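Student: Pasting a structure here, questions to come.
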Amino acid sequence: MKEWKPPNILHNKPTEWNWIVSHPEELDLGNHTDIGAFTYIQAEAGVQIGDNVQIGSHCSIYSVSTIDNKRGKVTIGKNARIGTHSVVMPGVTIGDSAIIGAFSFVNCDIPAGELWYGIPARYQGNTYTHEGKIFT
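The sequence shown maps to residues 5 to 140 in our numbering.
Below, the structure is given as C-alpha cells:
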C-alpha cells in the first residue's frame, strides 16, 4: 500500500480492481483504502470512507435502499475493517477502527473500536487481535 493511488472511478463501471460505484461524485474515498473485488457502493446519498479502510470482496454499501425507501449518508471511519460479503445499509456510521465480521448485515451505527458481526450485526466485544497485536 506504500504506492497507493486513488482509483479511476466511473459511474457503474468496474474499477481496475473490479469494484463498482454508483454516483461516484458522492463518494469521499480516503487514502490507502483497500476494497475487494465485486464490492458495490451505492453512493447517491453520500458515502464517506476514511483512510486505511479495508472492505472485503462482494460487499454492498447502500446510501439509498429502494426496498424500504431509506436513504442516508454512510460513513466508515479510518482504519475500519469490513469482512467479505457484508451489507451496510443507508444512514449507518461505522466508527474508527471498528471491525465488521464477514457475512454481516449492518443496519445500525457501530461505535469506534468495537467488533460486530451477524445478521443483523451485533456487538461482540471491544478487544480483538490484528497482526499479533491486542486492541482494546
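All C-beta atoms in this analysis are idealised placements derived from N, C-alpha and C, irrespective of residue type, glycine included.
Predicted model, so just to flag it, every value in this text is computed and none were measured.
Going by DSSP, what residue range makes up the beta strand (DSSP E) through Ser-64?
Tutor: Here the beta strand (DSSP E) through Ser-64 covers 64-66.
Student: State yes or no: is the beta carbon of Cys-112 nearer than 9 Å to at least one beta carbon in chain D?
Tutor: As a matter of chain content, chain D is missing from the structure shown, which is built from one protein chain.
Student: Check each candidate in Trp-8, Glu-30, Tyr-127 and Asp-32 and name the one with the smallest Cα separation from Trp-21.
Tutor: The candidate whose alpha carbon is nearest that of Trp-21 is Trp-8.
Student: Is the CB-CB distance between Gly-50 and Ser-67 below 9 Å?
Tutor: Their beta carbons are under 9 Å apart, which means Gly-50 touches Ser-67 by this criterion.
Student: Considering only the beta carbon of each residue, do Ile-104 and Tyr-127 sit closer than 9 Å?
Tutor: No, Cβ-Cβ distance for Ile-104 and Tyr-127 is not below 9 Å.
Student: In this structure, what does DSSP give as the bridge partners for Lys-74?
Tutor: In the DSSP output, where bridge partners are listed per residue, Lys-74 has Ser-69.
Student: Using DSSP bridges, identify the partner residues of Ile-24.
Tutor: Tyr-44.
Student: What is the C-beta distance between Ser-64 and Val-91, in whole angstroms, given that I count them as a contact (C-beta under 8 Å)?
Tutor: The Cβ separation is near 5 Å, so the contact holds.
Student: When you compare the CB positions of Gly-60 and Ala-125, do they come within less than 9 Å of one another, or not?
Tutor: No, these two residues do not count as a Cβ contact at 9 Å.
Student: What do you get for Pro-18, buried or exposed, if any count of 16 or more other CB atoms within 10 angstroms of its CB means buried?
Tutor: Exposed: under 16 other Cβ atoms inside 10 Å.
Student: Who are the Cβ neighbours of His-62 in its own chain at under 8 Å, not counting the five residues just before and after it?
Tutor: Excluding sequence neighbours, His-62 sits near Gly-40, Ala-41, Phe-42, Thr-43, Thr-88 and His-89.
Student: Rounded to whole angstroms, how far is the Cβ of Met-57 from the Cβ of Lys-82, which I believe are closer than 8 Å?
Tutor: For the record, residue 57 in the displayed sequence is Val; it is not Met. Confirmed, about 7 Å.
Student: For Ile-123, count neighbouring C-beta atoms within 10 Å of its own C-beta (all shown protein chains included) and say buried if the count is 16 or more, exposed if not.
Tutor: Per the 10 Å Cβ criterion, exposed.
Student: Mind checking Leu-14: buried by the 16 CB within 10 Å criterion, or exposed?
Tutor: Leu-14 comes out exposed.
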